[in-house]
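Asker: With numbering that gives the first Met the number 0 as the guide, the letters of the sequence shown map in order to residues 0 to 367. Quick one: structure below, then a few questions.
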Amino acid sequence: MEMLTIGAFARASRLSPKALRLYDELELLRPARVDPETGYRYYAPEQLEQARLVAWLRRLGMPLADIREVRALEPAAAAREIRAFWARIESETATRRDLAAFLVDHLSRTVPAVQTVPTVPTAPRKDTTMLELRYSALSDTGLVRPANQDTAYAGTRVLAVADGFGSGGAPASSAAVEALKFLDHEPLPAGGVLNLLEDAVQGATQAVQEVAGSTAETGTTLTAMVWTGSQLALVHIGDSRAYLLRDGDLFQITHDHTMVQSMLDEGRLTPEEATTHPQRTLLLKALLGNEPSPVPDLRLHDALAGDRYLLCSDGLSAVVSENTIKETLTAAPAPAEAVRALVASANDSGSPDNVSCVVADLVNTEAQ
Ligand code: MG
């Protein structure tokens, strides 16, 4: 078949010769032949489709290494890779979108410290003023593991579950939670909830680094909520979970930072496959001894009387169905009964892992 000069190929592919030379240098599209004498590039007509594909993938923002890979694949495999690439972009954007939403949400609620127009002080909101947390925490070794590396804690302001892993897993999870406990006893830090969350994440990260040091593969998850008096601020890293039971419905309010969850998000796995995937516990984010802390998920929840929150390690959520969790939470009259019943459910299912639960109710103390 007749070769095309770079000029003819450029016209046919609607790309400039300059772009084609760049693609050659970047190894995205090599000419079929380069004349050893003149250095002229020649292209085969069947390369037209590839040239166009490379141009579109560049416009999509795909990294060069990925383009090289996709270009070499059969159409069906290339389609899968493009779908997975885009899912990764969406998930990264989602993390930033959530952070942006959190900041917008927070700033929209913030009353300016100095008001230029004199105003009559507004009465605190009736629905949240007299709310108080009632809570209980329970952590259990389970039926298989030799030791408990989970830590569960509930106090007047702090609710936390941490699931340690690696040789120093137990001290790591304990240190992460210990680092938050001061919020129970001391006034909340000046600067409001943003500083509070920063302090919480920094404190926990530093504490984990101190106990885990450079011990390889040692770290912990952390899912914690801090009660500000009207809101619950959530910090979440890893695959422990937070749920909200409100008006009889159960909502999972955290997203697992696991390999399997991201494969589910990318459409590479079905939910059925995910439950038996060999790497289902592989974490994408955690507090680690020897690495800077990843960006945690942050959320603010307005408190409503009657809300019941559950924080748990994967030792519960991996073996007890969401429906059973919902029924158990709904049936238990108080947090202490709820955590006992949930741990018992996990043990009924064989409890292959440590299991930890924190349950907290928002109670209207005026109505008591
Ligand atoms: Mg676990």
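By construction, the Cβ of each residue, glycine as well, lies at the ideal position given by its N, Cα and C atoms.
Given a cut-off of 8 angstroms, decide if His-254 and Asp-306 are closer than it, judged by their beta-carbon atoms.
Answerer: For the purposes of this step, residue 306 is taken as residue 307 along the sequence shown, with counting starting at 1. For the purposes of this step, residue 254 is taken as residue 255 along the sequence shown, with counting starting at 1. It is not a contact, given that the beta carbons lie outside the stated cut-off.
Asker: Which residues, in chain order, sit with a beta-carbon under 5 angstroms away from any heavy atom of the ligand MG?
Answerer: Result (chain order): Asp-162, Ser-312, Asp-313, Gly-314, Asp-352.
Asker: Do the region 198-208 and the region 239-256 touch if we need at least three Cβ pairs shorter than 8 angstroms?
Answerer: Verdict: no, contact absent.
Asker: Looking at the unbroken beta strand (DSSP E) that takes in Met-224, where does it start and where does it end?
Answerer: Within the sequence shown, residue 224 is the residue found at index 225, counting from 1. First-last of the beta strand (DSSP E) with Met-224: 221-226.
Asker: Considering Tyr-22, what are the terminal residues of the alpha helix (DSSP H) in which it resides?
Answerer: For the purposes of this step, residue 22 is identified with residue 23 of the sequence shown, where counting begins at 1. Here the alpha helix (DSSP H) through Tyr-22 covers 16-24.
Asker: Considering only C-alpha positions, which residue in the set Leu-299, Ala-331, Arg-267 is nearest to Asp-97?
Answerer: Looking up residue 97 in the sequence shown gives position 98. With distances taken between Cα atoms, Asp-97 lies closest to Leu-299.
Asker: Quick one: Cα of Tyr-152 to Cα of Gly-60, how far?
Answerer: Locating residue 152 in the sequence shown gives position 153, where the first residue counts as 1. Locating residue 60 in the sequence shown gives position 61, where the first residue counts as 1. If I take the Cα positions, the gap works out to 44 angstroms.
Asker: Might you give, ordered along the chain, the residues of its own chain that have their beta carbon closer than 7 angstroms to the beta carbon of Thr-140, omitting 5 neighbours on each side?
Answerer: Taking the first residue of the sequence shown as 1, we reach residue 140 at position 141. Cβ within range, chain order: Ala-146, Asn-147, Asn-353.
Asker: Considering only residues of the same chain and omitting the five flanking positions on each side of Arg-67, which have a CB-CB separation below 8 angstroms?
Answerer: Within the sequence shown, the letter at position 68 stands for residue 67. Cβ neighbours of Arg-67 beyond the five flanking positions: Glu-26, Leu-27.
Asker: Gln-260 to Thr-220, Cα distance in whole Å?
Answerer: Mapped onto the sequence shown, residue 260 falls at position 261. Mapped onto the sequence shown, residue 220 falls at position 221. If I take the Cα positions, the gap works out to 15 angstroms.
Asker: Could you spell out the range, first to last residue, of the alpha helix (DSSP H) harbouring Gly-163?
Answerer: Along the sequence shown, one-based indexing puts residue 163 at 164. Run containing Gly-163: none in the alpha helix (DSSP H); it sits in the beta strand (DSSP E), 157-164.
Asker: Considering only DSSP beta bridges, list what His-235 is partnered with.
Answerer: Here the question's residue 235 lines up with position 236 in the sequence shown. His-235 is bridged to Thr-222, Asp-296.
Asker: Does the contact criterion of 3 or more C-beta pairs under 8 angstroms hold for the region 353-365 versus the region 309-321?
Answerer: Yes, the region 353-365 touches the region 309-321.
Asker: Tell whether a beta-carbon distance below 8 angstroms holds between Ser-355 and Ser-138.
Answerer: Within the sequence shown, residue 355 is the residue found at index 356, counting from 1. Within the sequence shown, residue 138 is the residue found at index 139, counting from 1. Yes, these two residues count as a Cβ contact at 8 angstroms.
Asker: How is the beta strand (DSSP E) around Ala-137 delimited, first residue to last?
Answerer: For the purposes of this step, residue 137 is taken as the residue at position 138 of the sequence shown. Note on residue identity: the sequence assigns Leu, not Ala, to residue 137. Here the beta strand (DSSP E) through Leu-137 covers 130-139.
Asker: Compute the distance between the beta-carbons of Ala-232 and Val-207, then report whether it is under 8 angstroms.
Answerer: For the purposes of this step, residue 232 is taken as residue 233 along the sequence shown, with counting starting at 1. For the purposes of this step, residue 207 is taken as residue 208 along the sequence shown, with counting starting at 1. No, the pair does not count as a contact, with Cβ atoms beyond the cut-off.
Asker: Is Glu-131 closer than 8 angstroms to Thr-323 when the C-beta atoms are compared?
Answerer: Translated into positions along the sequence shown, residue 323 becomes position 324. Translated into positions along the sequence shown, residue 131 becomes position 132. In this structure, Glu-131 does not lie closer than 8 angstroms to Thr-323 by Cβ.
Asker: How is the beta strand (DSSP E) around Ser-355 delimited, first residue to last?
Answerer: The sequence position of residue 355 within the sequence shown is 356, counting from 1. Run containing Ser-355: 354-363, per the beta strand (DSSP E) assignment.
Asker: What residue range does the beta strand (DSSP E) around Gln-251 cover?
Answerer: One-based indexing of the sequence shown puts residue 251 at position 252. Segment 248-251, the beta strand (DSSP E) holding Gln-251.
Asker: Can the beta-carbon of Ala-43 be found closer than 8 angstroms to that of Met-2?
Answerer: Residue mapping note: residue 43 aligns to position 44 of the sequence shown, counting from 1. Residue mapping note: residue 2 aligns to position 3 of the sequence shown, counting from 1. In this structure, Met-2 lies closer than 8 angstroms to Ala-43 by Cβ.
Asker: Quick one: what does DSSP say Gln-49 is sitting in, helix, strand or coil?
Answerer: Residue mapping note: residue 49 aligns to position 50 of the sequence shown, counting from 1. Three-state DSSP puts Gln-49 in a helix.
Asker: Taking C-alpha atoms, which residue in Ser-172, Val-318, Ala-178, Asp-183 lies nearest to Gly-154?
Answerer: Residue mapping note: residue 154 aligns to position 155 of the sequence shown, counting from 1. The shortest C-alpha separation from Gly-154 is found at Asp-183.
Asker: Assuming contact is defined by CB atoms lying nearer than 8 angstroms, are Glu-171 and Thr-217 in contact in what I supplied?
Answerer: Here residue 171 is taken as the residue at index 172 of the sequence shown, counted from 1. Here residue 217 is taken as the residue at index 218 of the sequence shown, counted from 1. Note on residue identity: the sequence assigns Ala, not Glu, to residue 171. Contact: yes.
Asker: In terms of alpha-carbon separation, which member of Phe-250, Phe-181, Ile-5 lies closest to Ala-31?
Answerer: The count along the sequence shown starts at 1 and reaches residue 31 at position 32. Selected option, being the one with the closest Cα: Ile-5.
Asker: Could you please give the first and the last residue of the uninterrupted beta strand (DSSP E) stretch that includes Arg-40?
Answerer: Here residue 40 refers to the residue found at position 41 of the sequence shown. 40-42 is the span of the beta strand (DSSP E), which, as asked, contains Arg-40.
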